[in-house]
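Shown next, in structure tokens, is the structure this report addresses.
2 protein chains.
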Amino acid sequence: MDQRQRRNANGWRLGVDVGGTKIATLLVDDDNRVWASVQRPTDTRTPDHALQSLADAIWETLKQADLPIRLLAGIGIGIPGQVDTQSGIVRHAVNLGWQSVDLRGFINATFGTACVIENDVRAAALGIQRYWLAGSIDSILYVSIGTGIAAGMILDGAVYRGSHGMAGEIGHARFGSSTIRCRCGNYGCLEAVVAGPAIANYAQSLLSTFPHSQLQHQTSITTSAVYTAAEAGDELGLAVAHMVGDQLAQALYTMVLAYDCDHIVLGGGVSRAGSAFFSPIEQALDGLRQQSSLAASLLPAGRVKLLDRDFAAGAWGGIALLDSQALARVAQAQLA
Amino acid sequence: MDQRQRRNANGWRLGVDVGGTKIATLLVDDDNRVWASVQRPTDTRTPDHALQSLADAIWETLKQADLPIRLLAGIGIGIPGQVDTQSGIVRHAVNLGWQSVDLRGFINATFGTACVIENDVRAAALGIQRYWLAGSIDSILYVSIGTGIAAGMILDGAVYRGSHGMAGEIGHARFGSSTIRCRCGNYGCLEAVVAGPAIANYAQSLLSTFPHSQLQHQTSITTSAVYTAAEAGDELGLAVAHMVGDQLAQALYTMVLAYDCDHIVLGGGVSRAGSAFFSPIEQALDGLRQQSSLAASLLPAGRVKLLDRDFAAGAWGGIALLDSQALARVAQAQLA
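Chains as they are written, first to last, in this note's numbering: chain A, 2 to 337; chain B, 2 to 337.
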């Protein structure tokens with residue numbers, strides 16, 4: 002065993018973030034240096050096509066680094082669905098058309114290597130805690146705001162899943178008085194108010210109130226167009242951005258009261274609008290801090306962070322799932 | 002070592018629930034049989050008087066069972082304040098007039114025995130998980146609804162405190178659109194809407210709307226009178242009970258989405274009204290279940306429970322703090 006292996010001994014690891022539209026990978030060595038990374042579209046025509054996309058992305062990654070598969074310590078995968086981390090079976094991965102897929106069985110059979118699978122938001126939370134915050138923080142809440150809203154938690158250093166793997170489904174909690182019906186059946190759920198489609202719908206509903214908005218010229222309003230407008234000082238764009246900021250600040254404060262975590266990190270498609278998205282949230286948090294010393298002590302400036310848009314949280318989460326300890330547990334489970 | 006000691010080896014343990022108005026104790030043997038229990042008022046004239054009340058309650062308990070202090074394995078205490086579980090120092094115990102008290106030092110000096118201290122709501126959560134639910138459930142949320150509202154969590158079998166000991170301060174989260182100002186400075190906090198004083202105030206504000214209510218005859222309306230009226234079918238009482246039920250159901254559902262725990266247990270002074278308090282919560286939860294299959298799956302009937310009013314959760318929590326493992330850790334810390 003050479004010096005490098007003794008120091009870390011994680012070996013070559015491949016992390017994969019499987020999304021409904023694209024698959025992203027990272028291949029890192031023992032020192033977490035990136036040797037290859039691949040992004041390719043997810044083929045969702047059938048469940049088998051989606052599996053094949055995943056396999057192709059992995060082969061392509063190995064090829065890019067010219068790494069023989071036998072040198073790979075393992076593959077870590079974050080996937081949008083309910084993951085049975087014991088059996089490696091993925092259920093209700095709606096975006097991939099999967100009812101129930103033995104994903105670990107597929108990876109084992111195709112690549113002959115160890116495989117750890119986790120729900121995508123939880124994997125991203127782990128990737129953020131280990132590699133974006135450099136592992137120095139014990140408890141974080143990662144909130145992904147995209148087509149839906151969900152949170153992944155690292156509490157006291159470990160992924161927290163809850164009793165039925167459903168912890169962090171805060172997109173279906175109600176924080177305000179909105180009566181918008183959510184696809185879950187309830188009213189006023191957070192994701193029915195401030196997830197991507199809701200933001201675009203809200204902007205659409207305000208068009209007649211802001212006749213001079215630059216959004217009047219859009220054939221169909223997207224969340225990204227709303228934030229571009231807000232960035233340019235457009236009043237409709239700003240009105241929407243502040244509604245989103247107020248609602249999210251309230252939800253984030255509630256989550257801090259519930260979990261008392263060190264950091265809350267915001268990511269997901271909507272968050273990629275950057276400061277046009279984040280500044281109104283910070284302003285609303287400031288309002289809470291000014292009203293209440295409890296809020297000021299639990300939400301000091303800097304506790305809520307915007308994820309760097311270039312950080313591949315999901316794929317790094319896949320890498321983090323493969324730290325030597327986790328891998329030892331998997332090897333044991335697979336032998337048992 | 003005789004047979005009984007080998008099986009359990011927890012020994013004689015004394016649990017104490019220290020409240021702002023009364024102190025309750027339990028003394029149990031190795032098989033958790035109760036040998037003595039004391040309830041006495043808390044003398045809060047000065048911080049030292051409060052400490053003396055605690056010491057007196059402990060002496061009285063030992064005397065009741067005629068147990069020599071040297072046979073006691075330890076004293077476990079739940080106390081309303083911020084507890085540094087490492088040092089045994091209690092801070093901001095407002096109801097006791099304590100700014101900062103070295104409670105473990107006091108107990109060690111007075112009784113010469115090991116002592117474990119925890120925040121009262123967390124201690125109660127542990128007592129409920131170990132002794133009311135018989136330890137069969139890994140993750141519970143205990144919500145205490147009294148003068149204030151707070152939650153204690155047992156997650157994956159362990160007390161969860163958060164990064165700064167503030168996890169579960171859900172009394173200051175906002176779930177609806179109320180604009181009532183809370184003593185924390187923010188608006189619409191859960192405890193500003195449905196804690197004991199808020200319930201009485203809300204009933205008072207509705208008096209003119211319900212001229213035939215039996216509450217018209219009260220000189221000052223108490224929460225207990227509101228629920229007595231609701232129990233008797235009084236329309237004002239019922240209106241208040243349903244407002245409380247709706248708000249709490251929304252808050253509890255949010256907590257289930259956040260933590261995905263096995264059970265939520267409701268306790269505290271307000272909950273002692275029994276079914277007049279609990280039925281409207283169950284009705285509101287039923288409404289959520291009927292609207293959403295997610296709510297139905299996360300909140301099946303029986304997941305939210307009302308604590309038996311005779312169960313001394315806090316004192317049993319003190320006992321639970323003294324299980325042999327916890328005590329070993331304390332002994333180690335005290336020797337270190």
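Beta carbons: idealized from backbone N, C-alpha and C, even for Gly.
Under the Cβ criterion of 8 Å, SER38/A is not counted among the residues facing chain B. Annotation: the stretch 135-202 of chain A contains the following complete segments of the alpha helix (DSSP H) (minimum length 4 residues), in chain order: 191-195. LEU28/A is bridged by DSSP to LEU15/A and ALA37/A. Short of 6 Å from the beta carbon of VAL39/B, and not among the five residues preceding or following it, lie these beta carbons of its own chain, in chain order: THR26, ALA58, GLU61 and THR62. Contact annotation for GLY303/A against chain B: no contact, minimum CB-CB distance about 14 Å [criterion: below 7 Å]. Only GLN251, TYR254, THR255, MET256, LEU258, ALA259, TYR260, ASP261, CYS262 and ASP263 from the stretch 246-272 of chain B bring a Cβ to less than 8 Å from some Cβ of chain A. The three-state secondary structure of ASP44/B, taken from DSSP, is coil. When 8 Å is used as the limit between beta carbons, ARG131/A is near no residue of chain B, the shortest such separation being about 17 Å. Beyond the five residues adjoining it in sequence on each side, CYS262/A comes within less than 6 Å, by CB distance, of SER140, ILE141 and LEU142 in the same chain, given in chain order.
With respect to the 8 Å criterion, ILE24/B and THR43/B are classified as neighbours on the basis of their beta carbons.
The CB of ASN96/B never comes closer than 9 Å to any CB in chain A; the least such distance is about 17 Å.
LEU299/A and LEU258/A have their C-alpha atoms spaced approximately 8 Å apart. By the Cβ neighbour-count rule, GLY246/A is buried, with 16 or more other Cβ atoms within 10 Å of its own.
Of the residues assessed, ASP309/A falls on the exposed side of the cut-off, its CB having fewer than 16 other CB atoms within 10 angstroms.
Remark: C-beta atoms of LEU15/B and LEU55/B do not approach each other more closely than 8 Å. The secondary-structure analysis by DSSP pairs SER214/A with nothing; it has no beta-bridge partner. For LEU249/A, the uninterrupted alpha helix (DSSP H) segment begins and ends at 236-260. DSSP places SER101/A in the strand class (E or B) of the three-state scheme.
Per DSSP, reduced to three states, the secondary structure at ILE222/B is coil, with no helix or strand assignment. When C-beta atoms of the stretch 200-209 of chain B are compared with those of the stretch 221-231 of chain B, three or more pairs fall below 8 Å, so the two segments count as touching.
Here GLY21/A carries a coil assignment [DSSP, helix/strand/coil]. A Cβ-Cβ distance of about 5 Å is found for the pair GLY128/B and ALA314/B, placing them in contact under the 8 Å criterion. Your pair ILE138/B and HIS50/B does not check out as a contact, with CB atoms roughly 39 Å apart and the cut at 8 Å. Secondary structure note for VAL122/B: its alpha helix (DSSP H) is the uninterrupted segment 121-128. The beta carbon of ILE70/A is closer than 8 Å to those of LEU63, PHE112, GLY113 and THR114 in its chain, skipping five residues each way along the sequence. DSSP, reduced to helix, strand and coil, places ALA74/B within a strand of the structure shown. Distance from MET154/B to GLY166/B at the Cβ level is roughly 12 Å; contact not present, criterion being Cβ atoms closer than 8 Å. Residues are counted here when their Cβ sits less than 9 Å from a Cβ of chain A; for the stretch 145-172 of chain B these are ALA152, MET154, LEU156, ASP157, ALA159, TYR161, ARG162, GLY163, SER164, HIS165, GLY166, MET167, ALA168, GLY169, GLU170, ILE171 and GLY172, given in chain order.
In this structure GLY269/B is buried. Its beta-carbon is surrounded by 16 or more other beta-carbon atoms within 10 angstroms.
Taking ALA226/A as the centre and dropping the five residues before and after it, the same chain places the C-beta of LEU216 and GLN219 closer than 7 Å to its C-beta, in chain order. Counted as a single uninterrupted DSSP element, the alpha helix (DSSP H) harbouring GLY315/A occupies residues 314-322.
DSSP places ARG290/B in the helix class (H, G or I) of the three-state scheme.
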